[in-house]
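> FYI, the numbering for the sequence shown is 1082 to 1164, going by this note's numbering.
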Amino acid sequence: MPATDAWNNSFPAGAEVIRGHFYLLEDRVRCTYTLNKDKEALVYAATVRYSCRDLSIQHINGKDFYRLLESQHLNISDALKGF
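(1) Are Asn-1117 and Phe-1103 touching if we call contact CB-CB under 8 Å?
(2) So what's Asp-1135 in DSSP terms, helix, strand or just coil?
(3) Taking only three categories from DSSP, how would you classify Leu-1149?
(4) Could you give the C-beta distance for Ala-1084 and Val-1098, rounded to a whole number, given that I count them as a contact under 8 Å?
(5) Just tell me which of Glu-1151, Glu-1121, Gly-1101, Ser-1091 has its CA closest to the CA of Glu-1107.
(6) Put Ala-1096 into one of helix, strand or coil per three-state DSSP.
(7) From Gly-1095 to Asp-1159, what distance separates their C-alpha atoms?
(8) With DSSP as the reference, label Phe-1164 as helix, strand or coil.
(9) Is DSSP giving Asn-1117 helix, strand or coil here?
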């Protein structure tokens, strides 16, 4: 059965997807993102495994930030459009 997430991205039946939350840009200079827990996202599993293998967490002013290069973020976003 096809699946659609809260961001209105659709995936074909049988696609291997990861269900979770999406990162939103917090600070472009520091390349940090925060996790948006308000909406559930689906992303192709292969994209996440490839793009996020070097994801790191930074603690700034008592808050957790996930450091991700903009190119990696865009790769994940582009994957929402399909392969």
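Even for Gly, the Cβ is constructed at its ideal location relative to N, Cα and C.
Once the coordinates are examined:
(1) Position 36 of the sequence shown, counted from the start, is the residue given in the question as residue 1117. Position 22 of the sequence shown, counted from the start, is the residue given in the question as residue 1103. Cβ atoms of Asn-1117 and Phe-1103: closer than 8 Å.
(2) Here residue 1135 refers to the residue found at position 54 when the sequence shown is read from its first residue. In the structure shown, Asp-1135 sits in coil (DSSP, three-state: anything other than H, G, I, E or B).
(3) Indexing the sequence shown from 1 puts residue 1149 at position 68. Reduced to three states, the DSSP call for Leu-1149 is coil.
(4) Locating residue 1084 in the sequence shown gives position 3, counting from the first residue. Locating residue 1098 in the sequence shown gives position 17, counting from the first residue. With 8 Å as the limit, Ala-1084 and Val-1098 qualify as a contact, their Cβ atoms being about 6 Å apart.
(5) As a first step, residue 1107 is located in the sequence shown; it is residue number 26 there, counting from the start. When only C-alpha atoms are compared, the closest one is Glu-1151.
(6) Within the sequence shown, the letter at position 15 stands for residue 1096. If DSSP states are grouped into helix, strand and coil, Ala-1096 belongs with coil.
(7) On the sequence shown, residue 1095 is found 14 positions in, with the first residue counted as 1. On the sequence shown, residue 1159 is found 78 positions in, with the first residue counted as 1. Going from the Cα of Gly-1095 to the Cα of Asp-1159 covers about 20 Å.
(8) As a working note, residue 1164 is residue 83 in the sequence shown. Any reading at Phe-1164 must be qualified, since the residue scores a pLDDT of 44, below 50, and its modelled position is unreliable; no value is offered.
(9) Counting from one through the sequence shown, the residue named residue 1117 turns up at place 36. Note: Asn-1117 maps to strand in three-state DSSP.
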